[in-house]
Amino acid sequence: MKIAIIGFGNLGHSLAEGLIKSGTASGKDICVCDKAPEIRELASVKYGLSATDDINCAISGTEVVFLVVKSYVFEELAPAVNRELLEGKTVVSFMAGAPFEMIYSLIGQVDLVRGMPSLAIAACDGVVAYTKAPPHVADIFHKLGYAFEVAPGDVEKVMAFSSCGLGFAAYLIDAFAAAGEKMGFSPETCTQIAARTFQNAIDRGDYKNTVKAVATKGGATEQGVLHMDASNVYGIMAEAVQKAYDRMK
Numbered sequence: 001m002k003i004a005i006i007g008f009g010n011l012g013h014s015l016a017e018g019l020i021k022s023g024t025a026s027g028k029d030i031c032v033c034d035k036a037p038e039i040r041e042l043a044s045v046k047y048g049l050s051a052t053d054d055i056n057c058a059i060s061g062t063e064v065v066f067l068v069v070k071s072y073v074f075e076e077l078a079p080a081v082n083r084e085l086l087e088g089k090t091v092v093s094f095m096a097g098a099p100f101e102m103i104y105s106l107i108g109q110v111d112l113v114r115g116m117p118s119l120a121i122a123a124c125d126g127v128v129a130y131t132k133a134p135p136h137v138a139d140i141f142h143k144l145g146y147a148f149e150v151a152p153g154d155v156e157k158v159m160a161f162s163s164c165g166l167g168f169a170a171y172l173i174d175a176f177a178a179a180g181e182k183m184g185f186s187p188e189t190c191t192q193i194a195a196r197t198f199q200n201a202i203d204r205g206d207y208k209n210t211v212k213a214v215a216t217k218g219g220a221t222e223q224g225v226l227h228m229d230a231s232n233v234y235g236i237m238a239e240a241v242q243k244a245y246d247r248m249k
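Each residue of the sequence shown is one higher than the one before, counting from 1 in our numbering.
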């Protein structure tokens with residue numbers, strides 16, 4: 001499948017890696033468009049992709065066009081797009097805060113899908129929320145990890161919960177590791193303990209019952225959990241997700 005990726009930041013990298021790893025496309029079938037020469041060189045040398053600073057050159061001859069730039073950047077790029085080149089193609093927008101109406105106003109009534117993935121799509125282990133999509137595009141998403149369809153108005157909600165959530169989860173694990181360092185353990189040991197402890201909790205699956213099983217009455221774990229409850233950790237996490245969502249509105 002011939003694919004264009006417009007923008008090659010962190011998410012663009014992850015998308016390219018996932019597309020190749022999943023067998024959706026080979027490096028030679030992916031064309032990246034980015035204005036920075038060093039980014040284009042990275043795309044070519046590290047990933048074996050075609051690279052250009054001409055958006056029409058990137059779009060030409062492809063089946064699916066991924067928009068992986070900030071919405072304000074695409075507003076600057078859009079006037080240069082030859083709309084005829086988009087005919088018969090599916091445009092997939094990974095842009096936050098860019099509703100259908102905005103994109104249509106910039107490039108016309110194209111076959112458009114909005115989606116929001118996490119960076120873990122690089123390993124085909126991400127989370128991808130997407131609006132109604134043709135089968136060949138939905139198939140791409142499902143090869144990149146856990147994928148599910150959402151209503152157009154819920155795309156930003158998923159980004160706040162899942163895409164931003166990856167950063168929140170890493171933040172919590174880092175905080176847990178830092179607590180071990182304060183107790184005198186080395187950073188390397190703390191990183192290993194934190195990673196394995198969180199993975200063990202994930203593997204058990206039933207988080208509430210895991211807390212109950214470990215935090216026995218009068219025990220040490222219970223004291224830590226009571227402290228977190230008193231500090232409103234649940235509320236803080238909910239507020240963090242809400243703040244991220246509010247930023248995208």
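Cβ atoms here follow ideal geometry from the backbone N, Cα and C, with glycine treated the same way.
* Quick one: what's got a C-beta closer than 6 Å to F176's C-beta in the same chain, skipping five residues either side? -> On the sequence shown, residue 176 is found 176 positions in, with the first residue counted as 1. Answer for F176: A194, listed in chain order.
* Can you give the Cα-Cα distance for A170 and A213, rounded to whole angstroms? -> The sequence position of residue 170 within the sequence shown is 170, counting from 1. The sequence position of residue 213 within the sequence shown is 213, counting from 1. Roughly 25 Å between the two C-alpha positions.
* Could you check how far apart the C-beta atoms of L49 and G18 are, in whole angstroms? I think they sit under 8 Å. => Position 49 of the sequence shown, counted from the first residue, corresponds to residue 49. Position 18 of the sequence shown, counted from the first residue, corresponds to residue 18. About 13 Å separates the beta carbons of L49 and G18, which is beyond the 8 Å limit, so they are not a contact pair.
* Where the beta strand (DSSP E) containing F148 begins and where it ends -> Along the sequence shown, read from residue 1 onward, the residue named residue 148 stands at position 148. Counting along the chain, the beta strand (DSSP E) containing F148 begins and ends at G145 to E149.
* CB contact flag (S93, S163, <9 Å) -> If you number the sequence shown from 1, residue 93 lands on position 93. If you number the sequence shown from 1, residue 163 lands on position 163. Not closer than 9 Å, so no.
* Taking Cβ positions, are A120 and M159 nearer each other than 9 Å? -> Position 120 of the sequence shown holds residue 120. Position 159 of the sequence shown holds residue 159. Not closer than 9 Å, so no.
* Asked: V127 to G115, Cα distance in whole Å?
  -> Position 127 of the sequence shown, counted from the first residue, corresponds to residue 127. Position 115 of the sequence shown, counted from the first residue, corresponds to residue 115. The alpha-carbon of V127 is positioned some 10 Å away from that of G115.
* Taking the beta strand (DSSP E) that I121 falls in, what are its first and last residues? -> As a first step, residue 121 is located in the sequence shown; it is residue number 121 there, counting from the start. It is not in any beta strand (DSSP E) - I121 carries neither H nor E in the DSSP assignment.
* Asked: In or out: D54 buried (at least 16 other Cβ within 10 Å) or exposed?
  -> Locating residue 54 in the sequence shown gives position 54, where the first residue counts as 1. The residue is exposed, with fewer than 16 neighbouring Cβ atoms inside 10 Å.
* **Helix, strand or coil at M237 [DSSP, three-state]** => If you number the sequence shown from 1, residue 237 lands on position 237. Looking at M237 - three-state DSSP - the assignment turns out to be helix.
* Alpha carbon of V64 to alpha carbon of G218, nearest angstrom -> Counted from its first residue, the sequence shown places residue 64 at position 64. Counted from its first residue, the sequence shown places residue 218 at position 218. Looking at the two C-alpha atoms, the distance is approximately 58 Å.
* 8 Å contact criterion, which V69 and G7 should meet: CB distance rounded -> By one-based count along the sequence shown, residue 69 stands at place 69. By one-based count along the sequence shown, residue 7 stands at place 7. The pair is a contact, with the Cβ atoms about 3 Å apart (cut-off 8 Å).
* **Range covered by the beta strand (DSSP E) that runs through D111** => The count along the sequence shown starts at 1 and reaches residue 111 at position 111. Its beta strand (DSSP E) spans residues D111 to P117.
* To do: Leaving aside the five residues before and after A78 along the sequence, list all residues of the same chain whose C-beta is less than 6 Å from its C-beta, in chain order.
  => The residue labelled residue 78 in the question sits at position 78 within the sequence shown. So the qualifying residues of the chain are L106 and I107.
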